[in-house]
Amino acid sequence: MSWLILALASAIFLGFYDLAKKKSVQGNAVRPVLFMCSAFYALLMLPVLFTGNCQSLPWQSHLFLAGKAMIVGGSWILTYNALAHLPLSIATTIRALAPVFTIFLAVTLMGERPFAMQWAGVAVCLCSYVALSLAGRKEMGHFFSNGWVICMVLGTMLAACSGAYDKFILQRMDFEPTTVQVWFSIYMLLWQFAVCAITWFPKRKTTTPFKFRWTFLLVAVLLTVADRCYFLAVSNPDALISLITVFRRSSVLIGFVAGLVLFKERKSPLKWAALFGIITGLCMIALGK
C-alpha cells in the first residue's frame, strides 16, 4: 500500500482520536487519563509481543525506543493538558502547524531543501496562525500569553521532533514498524505511570477528581490503528517525513468541525479563515516543486 494512502488513513483515525481524547479529558484529571489510555494501548499491543512477532533487540536499541516514548510522552502531557482547557477547534488548528516545525527540522538536521512553493506554504501557515490568534483573543483573552496555548505549541513542537526521530529509527536504524509500536506502548505506559505516581497521586484529593470513562479504551483503539498506519508509512524507504506529517495533520478537519458542531464552540469567520489558510499552506508544502 502507498505510504501516502497510509498517511491519509492515519489522519482519519487521528481525527476521531482527537474527539475521543477531548471527551476523555473534559472535566477530568489529565495525568491519570494519560496513564489509563497508555495502559489500554499497551494491553492492545501485548499479544503481538507474546506471539513472538517482534524482532529481537539488544539493550542499546531499547534506549532509542525509550527515548521515543519520553519525547511523545512529553508531547502528550502538554497537549492533553492544553486540550482540557482550550476549545477543540483552536487546539486542533494549532496542532496542524506541526508540519512547519517538521520542515524546519528536515532543513536544519536532515539536509532537506524545500522548494520555493513549500517555503510559501510555510509563510501562509504562519499568517494563518496570526489569524487564529486574533480569533482566540476574542474567545480566551490574549492568545500568545495564554499558558494553555503555549503548552499546545510546545507539545506540537515535540511531536514534530518525534516525527524526525521516527524517520531516523525506522529508515536508518532499520527497526521494524511492529517492534517500534509494541515497545513504544510499553515504555509509554511506564513513563506515564511514573509521572502519574509522582505528580498526581500524592495531590489527588486537592486537584480535579479523576473519572473513569470508556472513551479511554476508544482513545487507545483509535491511536493503535493510527500509529500502525503511520509506522508502516514512515518505514517505506521512499517516504518523506515532511509529507507524511502534512497529510497526518489533515486530521484537523475532523476536530475543527466537531468542535463547532458537537462541542458547540464559538463560530468565528477568523477561525474558518485560519483553517482554510493552514490547509492551503499544507497543500502548498505537500505539492510544492
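So the sequence shown is numbered by the working numbering: it starts at 9 and just counts up by one. We put the beta carbon where it would ideally sit given N, CA and C, even for glycine. None of these values were measured; they are calculated from a predicted model.
Consult DSSP for residue i and reduce its assignment to one of helix, strand or coil.
i: R236; result: helix
i: W222; result: coil
i: L248; result: coil
i: N89; result: helix
i: G82; result: helix
i: C62; result: coil
i: T187; result: helix
i: P217; result: coil
i: P95; result: coil
i: M165; result: helix
i: R212; result: helix
i: L270; result: coil
i: D174; result: helix
i: D26; result: helix
i: S136; result: helix
i: M301; result: Outside the modelled stretch of the chain, which goes from 9 to 297, sits residue 301, for which no answer is possible.
i: E123; result: Rather than Glu, the amino acid found at residue 123 in this sequence is Phe. Coil.
State the CB to CB distance for the pair residue i and residue j, rounded to an integer number of angstroms; the pair is presumed to be in contact (CB under 8 Å).
i: A114; j: S250; result: 5 Å
i: L105; j: I286; result: 7 Å
i: A77; j: Y173; result: With a Cβ gap of about 11 Å, A77 and Y173 do not count as contacting.
i: S46; j: L197; result: 5 Å
Looking at residue i: is its Cβ nearer than 8 Å to the Cβ of residue j?
i: S193; j: M44; result: no
i: K31; j: Y88; result: no
i: L94; j: W156; result: yes
i: G129; j: L290; result: yes
i: I6; j: D26; result: Given that the chain is displayed from residue 9 to residue 297, the structure contains no residue 6 and the question cannot be resolved.
i: Q200; j: L22; result: no
In the DSSP assignment, find the unbroken alpha helix (DSSP H) run with residue i in it and report its ends.
i: T116; result: A106 to L117
i: N36; result: Premise fails: N36 is in no alpha helix (DSSP H) and is neither H nor E.
i: K279; result: P277 to L295
Do residue i and the ligand SAH come close, with the Cβ less than 7 Å from some heavy atom?
i: V38; result: In the structure shown, the ligand SAH is absent, as is every other ligand, since no ligand is present at all.
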